Amino acid sequence: MTKRTNLFRSLARPREMHLCKIAGISFLLLCAAPQFMVAYTYENTAVTTTQQSKTEKITGVIIDTNGEAIIGASIKVQGSSTLGTVTNLEGEFTLNVPPRSMLEISYIGYKKLVVSVGKEKHLRLTLEEDTKTLDEVIVIGYGTTSKRKTTSAISSVDAESIAKAPVANVTQSLAGKAPGLIVSTSGGGIGNYSTISIRGGGTPLVVIDDIISEYRDFQNLNPEDIDQMTILKDASSTAVYGARAANGILMVVTKQGKAGKMSINYNFNYNMSQPTTLPKKYGSYDAAYYLNMSQTNDGNQPTYSPEQMEKFRTGSDPYAYPNVDWQDICLRSFAPEQRHSLTLSGGSEKVKAFTSLSYYDQQSIYKFNTNNMQRYNMRTNLVTDFKEIGLKVTAGMDGYIYQTEAPVTQYGSGYGSVWSHIQNKKPWELAYNEFGQYYVTTDHPLVEISPEGGYNHSEMTSVKANLVLDWMIPGVPGLKLKALGNYYTYNDRTKIWNKTPNQYDLEGNPNNPNKPSLSKSVWSTSGFTTQFFANYDRTFGKHTVGATAGIEATGNKVDNVSLSREEYLLIVDQIEAGPVATAKNGSYEDESARAGIIGRIKYDYASKYVVEASIRYDGSDLFPKGKRWGAFYSGSAAWVLSEESFWQTLKDKHIFDQFKIRGSYGEIGLDNIDRYSYLSSYTPSERGYLIDGSFVPGFSEGAMVSKDITWYTSKSMNIGFDFGSLNNRLSGSVDYFRMATTGYLASPSNVGYTGPLGTSLPNVKTNGESIRQGAEFILQWKEKRGDFEYVVSGNLTYFDSFYNINPFESEVNLKNPYIRSTQAKGYWGTGLTSLGYYSSQEDVMNSAKRPGSVNLGAGDIKYQDFNGDGIIDGSDNHRIGKNGFPRGNYGINVDLNYKGWFLNMLWQGATQNDLYMGNMIQGDASSGYLPVIYKFQSDTWTPSNTDSRYPRLRSSKTYNGNNNYQQSDFWLVNAAYIRLKNLSVGYDFKNRLLKRTAWLTKCNLALSGYNLLTFSPASKFGMDPEIGNGNLYTYPVSRVYSISINLGF
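Using the UniProt record's numbering, count along the sequence shown one by one with no gaps and you end on 1049.
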C-alpha cells in the first residue's frame, strides 16, 4: 500500500485528542444534568405546596392605549410555571394567586408589563404598543436604517435558524427562508455548496462586516458567528456598491462581545446523512430478462439462453454468472458528520470581546473513508469605546482552514465519476475474484475509492484582519467619521497522487496499470480594502436629515505555481522521486484594482415621508483608459400611510396597524468582461521559421479588439408595500420588480456582416436588452397564548427572464417565430412534440416520419409534423416545455414554543420546471448501457401495455435510426416539488428542570432532520428535483438526521 504524505500533519495530530476532550466534557455535563433535575424537582414540589396553601382571587381587564380589549393576553405569576391564564373575548381574566405576587402581562406587539398584587383585587391594565420590531436596526450599504424607515426591498434571515440547521455550510441552510432568496443545488457530498440567486439573478455580491468579500468566504462562514443577515434586492439598496452588485447583495454582520461577565457557549451536532433518493438497481436475472426482451423485439436471438438465465436466478455459478449489487458493496448506509463550536463573549462598557472556534468533520457515503472534509474556523472581534472623545475602535481577525480528500485513479477523479460508475456497472460484472482481489474491469468503483489508490489532498486557508475607527466628532452633533482597513490572504494548496491499485483475473494474475503521476499547485491571493466615510444624521423637530460621503479602494493580487511529473518508477508521492524527463511546470500572475466614490442623502419627515438618493462613481481596471469610470445612481421614497390622521380609524380597529408604500429606481454598472480584452493579443504557434539552422516559433494574432468596450448598465425598478394588521399579529410585504440590462457587445456577423478572412470582426455595441421581472411576498402570523407561542410564515418569489432583444441570436433564428429566443420566455429549449406511440404498422405507413428513421413499428415514438410538410426534420423543432430553472420558489416556516419545548419546521419548494431525462434514465442502451437498469424503466410499451411511460424496448438506439431518442418533449419530466427541508424538535432544560442552576445559563437538546420528505413527479424516476440533472450520475442530495446539544455557562 502506498504511504500517503499528509500535507497537514501539524493540524491532524491533535485532532483526535481534542475531539476526545470535547466528547468527555459533553458526557460529564450530561451525566450531571439528572442530578440537578432531581434536586430541582424536590425543591419545586415543596414550594408549590406552600404557595397553594393560601391564595387570593383577582380579576381584571387588559386593554390597549385606545381602550380596546386585548384578546389572548398572557397573565403569569412570576416565579411560577403553573399559575397563569389568558384574557377572554372581552379582555377579561380571573386568577388565583399567592399574596404579594408579581404579575407579568404580555402580548405580541406590545411591551411587557409587570405589576404587583396589592389590596386592589380588580385590575384595569393598559399595554403599550412595542415598536421595537419596527425600529430594529438593519445594516445596509455603508450605514444602517430601521424597518420603519426603509425605502428599499430588503429581507432578513433569522441568524438563529441558520446556526441550528444540520448542514455542512451556510449556503445549504437558506432555502425557503426569505422572499427573493432562491437556493438550488447541483448535488450532495463533500465540498458541495448550494447556489444562491436573488430574484433569479447570478451570483450575488457578498459583504461581511462592511467589507466586500469573496463568495467562498460566505460559503465557509461559521454559522454560529452570524449575528444578522440582510438580503439587499433592488438598486436603491445595492447601487452604492457599484459594478458587482447588480445581482443583489448578501450582507452579513458577525457577532460582537456584550458587556458583562464572560459567557461561554458550546454547541455540538452529530449528523448521519444518506441519499434522498437511491433507486435500487435490478439484479442479474431481471436485467438479463429485459436485455433478452430488447433483442427479441428487434428480431434477434436473445443474449442469454434459458439455461444461462437459470444460473443467474439461482446463483449456482457465481463467477461465470455473478449477481453483484454494486451499490451495496460500494456504499454504506449512512455517512457521519459532526460539528463543534465554542464561543466566548464578555467585557465592560469600555472593552467588549467576542471569540469563536469551530470544527466540522464530514465523510461521504462511500465504503472507505477516502472522501472527507474538515473545516476549522476562528474569529475574534474586539470593540473599545473611548466615550470621552467619541471614538470607537473595532479590531477583528478571522480565518478558516478547509481540507478535503478525494480518491483519484487513472480512470476516475473525485466522487462525481465514481458515482456514475456505480450506476453504470452491470450486475454480472465481477467485483472480486475468488481470492478476494479486485477483478479486472474498467471503471471499477471499488478500485477508485480504495485506500490503496491515489488521492487528491486540498487545503484552503484564509486569514483576514480588520480595523475600524468610528469617531463621533465632539461639538458637531450627528457627524461621524469612519475609517476602515482590511487585509486578507488566501492560499489553496493541492496535491494529486494519481495511482491505480492492481486488479487481477480469475487465476489471480495482476494486470499492469499505468505508472503513477503526481501534481502539485499553490494558488495564492492577497488583497486590501480601504474606506473613508463621513456620515451626518440629525433630527430637527419632525425633520431628520442624513448624508453620507466616502471613498473606497480595493486591490487584489494572484499568484499561481504548478508542477507535475509522470511515469513514477518508485511508489513515493514526492515530486523529486519522479523522472525529470516528465517534469512540467506552469505559473500565472495577475493584479486588479477598483475604486469608488460614494454619496447618499436621506430625508425623513415625522416618520411619514422618507426619500433617499445615492450615487457611486465607480472605477474598474477592466476597461481601457478613458472608459474606466462610470456614474451610477438610485432614488427611492416611502410613504407611511399609517402615520396619517386619516388612517387612525383603521389603526384603532386594528385593520391596518401599519401600512407603508415604497418605490425605487436605480442604475448599476456591470463590468463582467474578460480581463485585458481591450488589448491586442498574440498566441505562440507551433509553426515558425528556420533561421540559421534554429527553429523560431511564430505567433498567431488574437481576435480584433473592440473600441466599444465599456460598462453594461442594469436598470432596476421596485414597487412594494409593507403592512401589519390585527395588533400586528399579521404582517407582510409585497413587491413587484423589473430589471433591464443593456449595453451588450456582440459580433456584427450575427446581424449579417461577413468577417474578414482569418479572423473575426470586433464586437460592437448593440441595442440588446435582457429583462428579469417578477413579484414576491411574505406573510407572517405571530401570536402568543399563555405559554404557547407560535409563528407561521410563508414566502413566494416568482420571476421570469428573457431577451427583449437578443444581440447574440442569428438572423436565421430571429426570423423563425417558433425557435427564436428574442421576446420568448417560459420554455425549456427547442425540440419536437411527441404524439405518443405508433399504434400499428399501418399507422407508421400513414404518418410523417424522419428520413433517418428505419425499422419503425408499434410502440416507437411518433412526432408531430409541426410545419405540415410531410417530413419530420429540424424545421419541425420549436420551443417546448417549461424552464429548466424554477421560476416560482416558496417556503413555509412554522415555529412553536411551549414551556421549554420547541418545534421548528420548514417546507420549501418550487413550481413547475422541466428536467430532461439523460440517456441512462431513457434506457437508450448507448455506450454499452443496459436498456433497463431500474424498476421504473420496466414500464415499456407492449401490446398489452400501450399507455406505458417508455417506448418499445430496443437493443440499441441505432436500431430504428435513433427515432426514439430525438430531442423532444417526450423525455421532459415535471420537476416541481415540495420538500420538508428542516424539522427540529427539542427541549430547553433551563425552562424548568434546570431553572435554578445558576452556573448553567443554557441547556438545549434537539433532534433534527434535513430533507426528510420530498413530493415531486420526478421522484418516480429516481431523480432529485432540486439537482436539475437528468441522469443519476451526480452524488445525490443528502437526507440528514441530527442530534444537537447547546450549553451555556
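Even glycine gets a Cβ: it sits at the ideal position worked out from N, Cα and C.
Here the structure is a predicted model, which is why all the values come from computation and not from measurement.
{"Asked": "Using alpha carbons as the reference points, say which of Pro407, Leu127, Leu761 lies closest to Ser106.", "Found": "Leu127"}
{"Asked": "Excluding the five sequence neighbours on either side, which residues of its own chain have a C-beta within less than 7 Å of the C-beta of Trp971, listed in chain order?", "Found": "Tyr916, Met917, Gln922"}
{"Asked": "If you count every other CB in all the chains shown that lies within 10 Å of the CB of Gly187, and 16 or more means buried, which is it?", "Found": "buried"}
{"Asked": "Among Glu667, Ser680, Arg675, Gly724, which residue has its Cα nearest to the Cα of Asn718?", "Found": "Glu667"}
{"Asked": "If the criterion is Cβ atoms closer than 8 Å, does the pair residue 1051 and Ser634 meet it?", "Found": "Residue 1051 lies beyond the range of the chain shown here (1 to 1049); nothing can be said about it."}
{"Asked": "Within its chain, find whatever has a CB closer than 6 Å to the CB of Leu779; leave out the 5 residues flanking it on each side and keep chain order.", "Found": "Gly732, Gly794"}
{"Asked": "Would you kindly work out how many angstroms separate the C-alpha atoms of Ile249 and Tyr376, rounded to a whole number?", "Found": "26 Å"}
{"Asked": "Asn44 to Gln363, Cα distance in whole Å?", "Found": "Reliability of the predicted coordinates at Asn44 is poor, the pLDDT of 39 falling under 50, and no value is obtained from them."}
{"Asked": "Taking the Cβ atom as the reference point for each residue, do Ser714 and Leu670 lie within a distance shorter than 8 Å?", "Found": "yes"}
{"Asked": "Helix, strand or coil: which one does DSSP assign to Tyr40?", "Found": "Its pLDDT being 35, under 50, Tyr40 is placed unreliably in this model, and the coordinates cannot settle the point."}
{"Asked": "Going by DSSP, what residue range makes up the alpha helix (DSSP H) through Ser284?", "Found": "284-297"}
{"Asked": "Should Lys653 go down as buried or exposed, given a rule of 16 or more other Cβ atoms within 10 Å for buried?", "Found": "exposed"}
{"Asked": "So Ser146 and Ile140 are in contact, right, with Cβ under 8 Å, and what is the actual spacing, rounded?", "Found": "About 10 Å separates the two Cβ atoms, so there is no contact after all."}
{"Asked": "In angstroms, rounded to a whole number, what distance separates the CA positions of Ala998 and Phe1049?", "Found": "9 Å"}
{"Asked": "Look at the alpha carbon of Val206 and the alpha carbon of Lys981, and state the distance between them as a whole number of angstroms.", "Found": "24 Å"}
{"Asked": "Span of the alpha helix (DSSP H) holding Ala73?", "Found": "Unbroken run through Ala73: none, as it is neither H nor E."}
{"Asked": "Go through its chain and collect everything with a Cβ distance to Met905's Cβ below 6 Å, but skip five positions before and after it.", "Found": "Val894, Leu983"}
{"Asked": "Please list the terminal residues of the continuous alpha helix (DSSP H) segment that includes Met917.", "Found": "From DSSP, Met917 is part of no alpha helix (DSSP H); its letter is neither H nor E."}
{"Asked": "Return the CA-CA distance between Asp1024 and Gln908, expressed in angstroms with no decimal places.", "Found": "14 Å"}
{"Asked": "Quick check: the stretch 737-746 against the stretch 698-717, are at least 3 beta-carbon pairs closer than 8 Å?", "Found": "yes"}
{"Asked": "Please check the pair residue 1138 and Gly454, which I expect to be a contact at CB under 8 Å, by giving their CB distance rounded to whole angstroms.", "Found": "Since the first residue shown for the chain is 1 and the last is 1049, residue 1138 is missing from the structure and cannot be characterised."}
{"Asked": "Look at the Cβ atom of Gln864, then the Cβ atom of Leu832, and state whether they are nearer than 8 Å.", "Found": "yes"}
{"Asked": "Of all the options Asn816, Ser847, Ile892, Arg887, which has the alpha carbon lying nearest to the alpha carbon of Trp828?", "Found": "Arg887"}
{"Asked": "Among residues of its own chain, excluding the 5 on either side of His421, which ones have a beta-carbon nearer than 8 Å to its beta-carbon?", "Found": "Gly412, Asp443, His444, Pro445, Glu448"}
{"Asked": "Going by DSSP, name the residue or residues bridged to Leu250.", "Found": "Val206, Ile231"}
{"Asked": "Measuring only the C-alpha atoms, how far is Val611 from Ser636?", "Found": "6 Å"}
{"Asked": "Do you know how far the Cα of Leu83 is from the Cα of Gln52?", "Found": "Its pLDDT being 43, under 50, Gln52 is placed unreliably by the model, and nothing is read from it."}
{"Asked": "With distances taken from CA atoms, which of Ala975, Ser926, Val973 is nearest Tyr959?", "Found": "Ser926"}
{"Asked": "Taking three-plus beta-carbon pairs below 8 Å as touching, is the stretch 396-408 in contact with the stretch 472-482?", "Found": "no"}
{"Asked": "So, helix, strand or coil for Ile655, using DSSP?", "Found": "coil"}
{"Asked": "Using the C-alpha atoms, what's the distance from Asp843 back to Gly870?", "Found": "14 Å"}
{"Asked": "Compare the Cα-Cα distances from Gly786 to each of Asp64, Lys57, Asn66, Ser80 and report the closest residue.", "Found": "Ser80"}
{"Asked": "Between which two residues does the alpha helix (DSSP H) holding Thr314 run?", "Found": "306-314"}
{"Asked": "To which residues of the same chain is Asn889 closer than 7 Å at the C-beta, ignoring the five residues directly before and after it?", "Found": "Ile182, Thr797, Ala910"}
{"Asked": "I'd like to check one pair, Thr277 with Ser1019: are the Cβ atoms closer than 8 Å?", "Found": "yes"}
{"Asked": "Whole alpha helix (DSSP H) runs in the stretch 376-444 with 4 or more residues, listed along the chain?", "Found": "414-424"}
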